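Enquirer:
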Amino acid sequence: ESPAAAAFGGGVKFGVAHVRVALPRLYGRVPSSSHRAAVRTGSGRFLFTSVCLRIVGSGEQPPKFTPPSKPVIIDKTQTVASLRKFLSPEFIPPRQRTDPFKFFIERKDMIRRRKVLGVPEFYVGSILAVTMADPNASGKTNRFVGICIQRGGKGLGATFVLRNIIDNQGVEICYELYNPRIQKIDVLKLEKRLDDNLMYLRDALPEYSTVDPETKPVPFCSTGEVPVNKIKVKMRPKPWSKRWERPKFNIQGIRFDLALSPEQMERAQKWAQPWQEYDMLKEYDSSKLEEQILSEVQQVMSK
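By the count of my numbering, the sequence shown reaches residue 385 at its end, each step adding exactly one.
What follows is the structure in structure tokens.
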């Protein structure tokens, strides 16, 4: 035995490795099940560690083995923004498309542009700030803040309209989403509205279209549901730019009870065409097409 093992009062040899379990000389005490073990390495040194021994005849049972909890694997390569599935509406081809290859080539150009500009996720009703190159401006750039009231167009022809009240005058700017002059698009407040088109804000009170140009960005959760602003606007007295009370517009965000009489609302219902809701030929089910395009866009954007 080595001097190191003899110092602990003897030991036992296990297997190939030289493990010497130290059994200290205890006077009148029952040895504990936890002791120090000396392991001799190839270089002749000893490593001391704690081992558990079951004393023969003591009646103690070894502790029951408890398997460790299953680890949770988190893919940190994905960003938080990529966890929510969102496909910009201009990627979905129109129903009367005749040449799918044309839209495929167009999507490749759109993805290249998005890698440079970084178009954020926004909806009708969101408050945006657009910075655009302007050779006639003092700083060669122009920044406009407003509420998005409309999104239209498909492919590279996608557009969105921002509206704001400046000096008691309504100002609207229609931007081309993939215009190379656009330098930055900031989402100051991400939200939806009850309607997919807010062009009726032209006929509403100015307070519903007024946005402070110095508005600070409102933080939002990138994984949860997009909040829906259920506000209903008050309209100016007639005449309006369109007959928004008619059922074909299906407007939910206007207080018609404050602007129209019951007789006028009843007269507007004469233009209703309830059978169109059940016309299956007018439905455009693009769910499978959206999944295919979304996987294609995510695959190219991840490269």
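By construction, the Cβ of each residue, glycine as well, lies at the ideal position given by its N, Cα and C atoms.
Here the structure is a predicted model, which is why all the values come from computation and not from measurement.
Helix, strand or coil for PHE242? Go by DSSP, reduced to three states.
Expert: PHE242 falls in the strand class under three-state DSSP.
Enquirer: Just how far apart, CA to CA, sit LEU287 and SER170?
Expert: Looking at the two C-alpha atoms, the distance is approximately 30 Å.
Enquirer: Which same chain residues, not among the five before or five after GLU378, have their C-beta less than 8 Å away from its C-beta?
Expert: Counting only Cβ-Cβ distances below 8 Å, and skipping sequence neighbours, we find ARG189.
Enquirer: Would you give the residue range spanned by the alpha helix (DSSP H) that LYS370 belongs to?
Expert: 369-383 is the span of the alpha helix (DSSP H), which, as asked, contains LYS370.
Enquirer: Threshold first: 4 residues or longer. Then list the alpha helix (DSSP H) segments lying entirely within the region 310-345, N to C.
Expert: Qualifying alpha helix (DSSP H) stretches, in chain order: 338-341.
Enquirer: At what residues does the alpha helix (DSSP H) containing LYS198 begin and finish?
Expert: At residue 198 the sequence reads Val, which differs from the Lys that was named. First-last of the alpha helix (DSSP H) with VAL198: 182-199.
Enquirer: Taking all protein chains shown into account, decide if ALA341 is buried (16 or more other Cβ within 10 angstroms of its Cβ) or exposed.
Expert: Flag for ALA341 reads buried.
Enquirer: Which residue marks the beginning of the beta strand (DSSP E) containing LEU210, and which one marks its end?
Expert: First-last of the beta strand (DSSP E) with LEU210: 209-215.
Enquirer: Please name the residue or residues paired with PHE226 in a DSSP beta bridge.
Expert: In the DSSP output, where bridge partners are listed per residue, PHE226 has VAL212.
Enquirer: Ignore the nearest five residues each way along the sequence and tell me which others in ALA215's own chain have a CB closer than 7 Å to its CB.
Expert: Once the five neighbours on either side are set aside, the close Cβ partners of ALA215 are LYS222, THR223, ARG263 and GLN265.
Enquirer: Please classify TYR260 as buried or exposed, where buried requires at least 16 neighbouring CB atoms within 10 angstroms.
Expert: That one is buried.
Enquirer: Which stretch, first to last residue, makes up the beta strand (DSSP E) that contains ILE267?
Expert: Start and end: 264-271.
Enquirer: Which residue marks the beginning of the beta strand (DSSP E) containing TYR257, and which one marks its end?
Expert: Here the beta strand (DSSP E) through TYR257 covers 251-258.
Enquirer: So for LYS274, helix, strand or coil by DSSP?
Expert: Looking at LYS274 - three-state DSSP - the assignment turns out to be strand.
Enquirer: On the CB-based measure, 16 or more other CB atoms within 10 Å of its CB, does PRO175 come out buried or exposed?
Expert: Burial call: buried.
Enquirer: Decide yes or no for the touch test of the region 305-313 against the region 252-259: beta carbon pairs closer than 8 Å, at least 3 of them.
Expert: At 8 Å Cβ cutoff, the stretches do not touch.
Enquirer: Check whether the Cβ of LYS146 lies closer than 7 Å to any Cβ atom in chain D.
Expert: In summary, chain D is missing from the structure at hand, where a single protein chain is found.
Enquirer: Considering Cα atoms alone, identify which of GLY200, VAL212 and ARG196 is closest to THR297.
Expert: Considering only alpha carbons, the answer is VAL212.
Enquirer: Which residues in the same chain have their Cβ closer than 7 Å to the Cβ of VAL293, if we skip the five residues on either side of it in sequence?
Expert: Cβ neighbours of VAL293 beyond the five flanking positions: ILE209, VAL227, GLY228, ILE229 and ASN246.
Enquirer: Put GLU365 into one of helix, strand or coil per three-state DSSP.
Expert: Looking at GLU365 - three-state DSSP - the assignment turns out to be coil, as it is neither helix nor strand.
Enquirer: Taking the straight line between their C-alpha atoms, what separation do you get for ARG179 and SER384?
Expert: Looking at the two C-alpha atoms, the distance is approximately 28 Å.
Enquirer: Figure out for me which residue from LEU376, GLN380 and LEU363 has the closest Cα to the Cα of ARG177.
Expert: Among LEU376, GLN380 and LEU363, the Cα nearest to that of ARG177 belongs to LEU363.
Enquirer: Is GLN143 helix, strand or coil by DSSP?
Expert: Correct three-state label for GLN143: coil.
Enquirer: Take every Cβ of the region 191-198, pair it with every Cβ of the region 267-284, and state whether three or more of those distances are shorter than 8 Å.
Expert: Contact between the region 191-198 and the region 267-284 is absent, because fewer than three Cβ pairs lie under 8 Å.
Enquirer: Let me know if VAL300 comes out buried or exposed under the rule of 16 or more other beta-carbons within 10 Å of its beta-carbon.
Expert: The residue in question, VAL300, is exposed, as its Cβ has fewer than 16 Cβ neighbours within 10 Å.
Enquirer: What's the C-alpha gap between TYR366 and ARG233?
Expert: Going from the Cα of TYR366 to the Cα of ARG233 covers about 18 Å.
Enquirer: Could you tell me which of MET192, ASP181, LYS146 and LYS274 sits nearest to PHE204, measuring between CA atoms?
Expert: The shortest Cα separation from PHE204 among MET192, ASP181, LYS146 and LYS274 belongs to LYS274.
Enquirer: Taking ILE231 as the reference, give the member of SER220, LYS316 and LEU244 with the closest Cα.
Expert: Measuring from the Cα of ILE231, the nearest candidate turns out to be LEU244.
Enquirer: Quick one: residues in its chain with C-beta nearer than 7 Å to the C-beta of SER368, no 5 flanking neighbours on either side, listed in chain order?
Expert: Around SER368: ILE174.
Enquirer: With DSSP as the reference, please indicate the residues paired to ILE247 in a beta bridge.
Expert: For ILE247, which the question treats as bridged, DSSP gives the partners GLY252.
Enquirer: Give the C-beta separation of ASP285 and TRP322 to the nearest angstrom, bearing in mind that I take them to be a contact with Cβ-Cβ under 8 Å.
Expert: Their Cβ separation, rounded to whole angstroms, is 4 Å, which keeps ASP285 and TRP322 in contact under 8 Å.
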